[in-house]
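K.L.:
Protein chains in written order, with the numbering used here: chain A, 308 to 676; chain B, 166 to 443.
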């Protein structure tokens, strides 16, 4: 073969190789957010939500530990509830004294303590959106409930409004109600709001437009965007949160209330989906289920662990939950160029988390502590 | 992914065969090209002997390129200082650092807030490409050549890990092994030194480098395929050692350091080049 023809053949082969491509995937992914990653967590204000008026032993130990105290500044107790008469439970002196003692103990550990007010009728049921909204049309209810909230405020460092979904007909009355409370407790006490995670304006969430965040922002010290339950628990299995969705929720809220102080929320719990619906479960519950059924969890594309099993009744289940790695990935995806440093994080469901979470967060790094 | 590469490779291999056929045409046409060769002053150059009716000595003034009055037309043509050349090459382009990439969300991405959105994501690190290129240039004297327009196009070669990053809070996975590369040359300048059948070429070339690759975007429980690209002005050096095959063709080995492409002093290209013309 002549040199020219050899060169022509070499160029042809090179062209075919070049234009066809010969790259292959090999080796472990370069993942600064992963267990061996070197990414640094942005420093953010941290709060944790505790459902209930008391702490169990695990919760108390976690909050007393150095890791939690390095990460968290606020504790929100979802404890008091507004009943159908406009009163706020607990009403008896003994229970309030116990609550006050818990608040004092947590304050002594360096935390700010806030009381989140929900709604529950005296029969223990949660009021439906339309009847709950109609209550605020009643002037006596409106006045009594606002006064009850104001009287509760001195028990802690402030109040968070965590009412269940309400029909949007109450929007105007709720705005005035909230402003009335704010005018009486601020600035000595703080006032915050658990806001629905509206992705669009008007809201894409049922009853998401009930709270007028734009009008309320000057009266609030904190708006906690409840960016959890990304997947409807009544629907097919899916992730509990999505960091990209949360960024868009924040952008929507910021467009309405640019001067407000926002928190994004991350779930510490997971969901066990089956044909009969979904049940919340903790990290330890999820890992125990996986061990019992001999399944190895995989990860969703956004990083949440998941696995499936069949229970003793033959029902198929899918479990999706968060662990320290998936939550750290979400926090690292919220870099300060994407989510400004003044946005805090509320961790929902103390006691349900991966025990490795707070030590990892306290280390300040995306990799293992 | 490999199926896509097979289809792409098969379709474009046909184009490559056409390019090779074109090169073969040049290889059999040196006789026609010789009428444009300047009068020999290089003892290494072989030419057909002149016809009996033509002068046996180079015409005075031929070396300066100015036709002397009364010379036959073919000597005047051979004296022209501006002569074209063509180059075809196969190269390995290596970049220790690919640029940060501009990523876009695909049109079928859920959520109106993301449609048409784009942003910058992290560099996937190194990249190496097998590429083929072509160039057209103009020799303005025996020593100087101006490379005019040219291009190189190639695909990633070798093994790469995926790179995980994020954009606007959305997890992205970059797939560097799917990368493509294009270099588009604007202009350059090259110096030549000759010794017998050997030639040394050294020059600079200005152009634009572009790379692109696939990404995977995670939303909820789903994953979408997107793309990302990086573009950069390019300033490349070029040093080649060439061996004359005949008066018109040279086979060269070259190295082209990337003085600036996707970053300062960022790698180099190495390859073989087939040059045709002056």
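A virtual CB, placed ideally from N, CA and C, is assigned to each residue, including glycine.
CA-CA distance, residue 391 of chain B and residue 270 of chain B?
P.N.:
As a first step, residue 391 of chain B must be located in the second chain, where it is residue number 226. As a first step, residue 270 of chain B must be located in the second chain, where it is residue number 105. Their backbone Cα atoms lie some 6 Å apart in a straight line.
K.L.:
Distance, Cα to Cα, residue 261 of chain B vs residue 426 of chain B?
P.N.:
On the second chain, residue 261 of chain B is found 96 positions in, with the first residue counted as 1. On the second chain, residue 426 of chain B is found 261 positions in, with the first residue counted as 1. When rounded, the distance between both Cα atoms is 11 Å.
K.L.:
Evaluate contact between the region 602–611 of chain A and the region 641–655 of chain A, counting only Cβ atoms and requiring at least three cross-stretch pairs below 8 Å.
P.N.:
no
K.L.:
From A/485, A/599, A/463, A/565, pick the residue whose C-alpha is nearest to that of residue 527 of chain A; which is it?
P.N.:
For the purposes of this step, residue 527 of chain A is identified with residue 220 of the first chain, where counting begins at 1. Considering only alpha carbons, the answer is A/485.
K.L.:
Quick check on the burial criterion: 16 or more other C-beta atoms within 10 angstroms. Buried or exposed for residue 398 of chain A?
P.N.:
Counting from 1 along the first chain, the entry for residue 398 of chain A is found at position 91. So residue 398 of chain A ends up on the exposed side.
K.L.:
Hey, quick one: how far does the alpha helix (DSSP H) through residue 590 of chain A stretch, first residue to last?
P.N.:
Taking the first chain and counting its residues from 1, one reaches residue 590 of chain A at position 283. First-last of the alpha helix (DSSP H) with residue 590 of chain A: 590–599.
K.L.:
Output the distance between the C-alpha atoms of residue 249 of chain B and residue 304 of chain B, rounded to the nearest integer angstrom.
P.N.:
Taking the first residue of the second chain as position 1, residue 249 of chain B is located at position 84. Taking the first residue of the second chain as position 1, residue 304 of chain B is located at position 139. Cα to Cα, residue 249 of chain B sits roughly 6 Å from residue 304 of chain B.
K.L.:
Roughly how many whole angstroms lie between the Cα atoms of residue 369 of chain A and residue 657 of chain A?
P.N.:
In the first chain, counting from the first residue as 1, residue 369 of chain A sits at position 62. In the first chain, counting from the first residue as 1, residue 657 of chain A sits at position 350. Approximately 9 Å, taken between the alpha carbons.
K.L.:
Could you check how far apart the C-beta atoms of residue 319 of chain B and residue 346 of chain B are, in whole angstroms? I think they sit under 8 Å.
P.N.:
Translated into positions along the second chain, residue 319 of chain B becomes position 154. Translated into positions along the second chain, residue 346 of chain B becomes position 181. A Cβ-Cβ distance of about 5 Å is found for the pair residue 319 of chain B and residue 346 of chain B, placing them in contact under the 8 Å criterion.
K.L.:
So the beta strand (DSSP E) residue 388 of chain B belongs to, where does it begin and stop?
P.N.:
Looking up residue 388 of chain B in the second chain gives position 223. Start and end: 387–409.
K.L.:
At 3 residues or longer, and completely inside the region 344–384 of chain B: list those beta strand (DSSP E) runs for me, N to C.
P.N.:
363–384
K.L.:
Taking DSSP as the reference, what is the three-state secondary structure of residue 242 of chain B?
P.N.:
Stepping through the second chain from its first residue, residue 242 of chain B is reached at position 77. With a pLDDT of 46 at residue 242 of chain B, under the threshold of 50, the modelled position of this residue cannot be trusted, and the question is left open.
K.L.:
Alpha carbon to alpha carbon, what distance is there between residue 321 of chain B and residue 334 of chain A?
P.N.:
Taking the first chain and counting its residues from 1, one reaches residue 334 of chain A at position 27. Taking the second chain and counting its residues from 1, one reaches residue 321 of chain B at position 156. Using only the alpha carbons, I get a separation of about 16 Å.
K.L.:
Quick check on residue 182 of chain B - is its C-beta less than 8 Å from some C-beta in chain A?
P.N.:
Within the second chain, numbered from 1, the residue matching residue 182 of chain B stands at position 17. At residue 182 of chain B the pLDDT is 44, less than 50, meaning the model places this residue with poor confidence and gives no usable figure here.
K.L.:
Are there three or more Cβ pairs, one per stretch, closer than 8 Å when the region 321–336 of chain B is compared with the region 360–374 of chain B?
P.N.:
no
K.L.:
By how many angstroms is the C-alpha of residue 616 of chain A removed from the C-alpha of residue 604 of chain A?
P.N.:
The sequence position of residue 604 of chain A within the first chain is 297, counting from 1. The sequence position of residue 616 of chain A within the first chain is 309, counting from 1. So the alpha carbons of these two residues sit roughly 11 Å apart.
K.L.:
For residue 566 of chain A and residue 436 of chain A, what's the separation of their Cα atoms in angstroms?
P.N.:
Your numbering for residue 566 of chain A matches position 259 in the first chain. Your numbering for residue 436 of chain A matches position 129 in the first chain. Each residue's Cα considered, the two are about 29 Å apart.
K.L.:
Looking at residue 287 of chain B: is its Cβ nearer than 8 Å to the Cβ of residue 330 of chain B?
P.N.:
Translated into the one-based positions of the second chain, residue 287 of chain B becomes position 122. Translated into the one-based positions of the second chain, residue 330 of chain B becomes position 165. It is a contact, given that the beta carbons lie within the stated cut-off.
K.L.:
DSSP on residue 233 of chain B, reduced to helix/strand/coil?
P.N.:
Start at 1 with the first residue of the second chain, and residue 233 of chain B comes out as number 68. The predicted model places residue 233 of chain B with a pLDDT of 49, which falls under 50 and marks its position as unreliable; any figure quoted below should be read in that light. Coil.
K.L.:
Could you tell me if residue 598 of chain A is buried or exposed, where buried requires 16 or more neighbouring beta carbons within 10 angstroms of its beta carbon?
P.N.:
Counting from one through the first chain, the residue named residue 598 of chain A turns up at place 291. Residue 598 of chain A is exposed by the Cβ-count criterion.
K.L.:
Using the beta-carbon of each residue, which ones in chain A are nearer than 9 Å to residue 392 of chain B?
P.N.:
The count along the second chain starts at 1 and reaches residue 392 of chain B at position 227. Near residue 392 of chain B there are no residues of chain A at all, since even the closest Cβ is about 14 Å away, more than 9 Å.
K.L.:
One question on the structure: do residue 560 of chain A and residue 532 of chain A come within less than 8 Å of each other, judged by their Cβ atoms?
P.N.:
As a working mapping, residue 560 of chain A is identified with position 253 in the first chain. As a working mapping, residue 532 of chain A is identified with position 225 in the first chain. Contact: yes.
K.L.:
Report the CB separation of residue 574 of chain A from residue 629 of chain A in whole angstroms; it is logged as a contact under 8 Å.
P.N.:
Against the first chain, residue 574 of chain A aligns to sequence position 267. Against the first chain, residue 629 of chain A aligns to sequence position 322. Indeed, because the Cβ distance is near 6 Å, the residues count as touching under 8 Å.
K.L.:
At least one CB of chain B closer than 8 Å to the CB of residue 649 of chain A: is that the case?
P.N.:
Taking the first chain and counting its residues from 1, one reaches residue 649 of chain A at position 342. For residue 649 of chain A, no CB of chain B lies under 8 Å from its own CB, so it is not counted at the interface with that chain.
K.L.:
Could you run through the region 319–333 of chain B and flag, in chain order, every residue whose CB is less than 9 Å away from some CB of chain A?
P.N.:
319, 320, 321, 322, 323, 324, 325, 326, 327, 328, 329, 330, 331, 332, 333
K.L.:
With 16 other CB atoms within 10 Å as the buried threshold, where does residue 435 of chain B fall?
P.N.:
Position 270 of the second chain, counting from 1, holds the residue named residue 435 of chain B. It counts as exposed.
K.L.:
Considering only the alpha carbon of each residue, which of B/341, B/306, B/315 lies closest to residue 332 of chain A?
P.N.:
One-based indexing of the first chain puts residue 332 of chain A at position 25. Ranking the options by Cα distance to residue 332 of chain A, first place goes to B/341.
K.L.:
Using a Cβ-Cβ distance cut-off of 8 Å, determine whether residue 363 of chain B contacts chain A.
P.N.:
Numbered from its first residue, the second chain carries residue 363 of chain B at position 198. For residue 363 of chain B, the answer is no, since every Cβ of chain A falls outside 8 Å of its Cβ.
K.L.:
Just to confirm, are residue 394 of chain A and residue 455 of chain A a CB contact at a threshold of 8 Å?
P.N.:
Position 87 of the first chain, counted from the start, is the residue given in the question as residue 394 of chain A. Position 148 of the first chain, counted from the start, is the residue given in the question as residue 455 of chain A. The answer is yes: Cβ separation under 8 Å.
K.L.:
Listing by chain order, which chain B residues have their CB less than 9 Å from the CB of residue 641 of chain A?
P.N.:
Locating residue 641 of chain A in the first chain gives position 334, where the first residue counts as 1. Result: 331, 334.
K.L.:
Who are residue 329 of chain B's beta bridge partners in DSSP?
P.N.:
As a working note, residue 329 of chain B is residue 164 in the second chain. Residue 329 of chain B pairs with A/338, B/338.
K.L.:
Short of 8 Å Cβ to Cβ, which residues in the region 289–301 of chain B face chain A?
P.N.:
Within the region 289–301 of chain B, the qualifying residues are 289, 290, 294, 295, 296, 297.
K.L.:
According to the Cβ coordinates, are residue 588 of chain A and residue 601 of chain A closer than 8 Å?
P.N.:
Against the first chain, residue 588 of chain A aligns to sequence position 281. Against the first chain, residue 601 of chain A aligns to sequence position 294. Contact: no.
K.L.:
Tell me whether residue 643 of chain A is buried or exposed, calling it buried when 16 or more other Cβ atoms sit within 10 Å of its Cβ.
P.N.:
To locate residue 643 of chain A, count along the first chain from 1; it is residue 336. The residue is exposed, with fewer than 16 neighbouring Cβ atoms inside 10 Å.
K.L.:
If you measure between the beta carbons of residue 428 of chain A and residue 390 of chain A, is that distance less than 8 Å?
P.N.:
Working through the first chain from its first residue, we reach residue 428 of chain A at position 121. Working through the first chain from its first residue, we reach residue 390 of chain A at position 83. Yes, the pair counts as a contact, with Cβ atoms nearer than the cut-off.
K.L.:
Counting beta carbon pairs with one atom in the region 618–637 of chain A and one in the region 399–411 of chain B, are three or more of them shorter than 8 Å?
P.N.:
Counting Cβ pairs under 8 Å, fewer than three are found: no touch.
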